[in-house]
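Going by my numbering, 1104 is the number at position 84 of the sequence shown; the sequence numbering is gapless.
Cβ coordinates follow ideal geometry from the N, Cα and C atoms, glycine included.
Written below as structure tokens is the structure these notes are about.
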Amino acid sequence: MSEDQNSVVTLKVRVSPEFREKIVNTAKANNRSMNQEIVARLEKSFENNIPSTLVSEYMQAVEEKNDMIKKQLEISNLLVLKLAEKLPDDDPSKSRMLELINQLN
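Given below as structure tokens:
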């Protein structure tokens, strides 16, 4: 990649020897120089910039889904409790059902 000297700026970056080795290995695997590998990775990090509104919408959807799951769990617990009430007190299934409901609450 030949670049006009006026359009290139040199940056100095300090990294650990282990991190440098990762860059060297990845650059070799991608058939690039270390510089090309670093620049490609930095450029990609800017391409993947997700708008904050999208993140907010996603978080809201996750919260709504969590609320729905909590409601479904509450309904399931009530149904299991009603079923357990119908069983005789000496039935081992009844005590196990009640244990599970208590663990979930």
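Reducing DSSP to helix, strand and coil, say where residue i ends up.
i, result
"V1059", "helix"
"T1030", "coil"
"D1110", "coil"
"R1052", "coil"
"N1122", "helix"
Tell me whether residue i is buried or exposed, calling it buried when 16 or more other Cβ atoms sit within 10 Å of its Cβ.
i, result
"E1057", "buried"
Starting from residue i, follow the alpha helix (DSSP H) in both directions and report where the run begins and ends.
i, result
"V1100", "1072-1106"
"V1044", "1037-1049"
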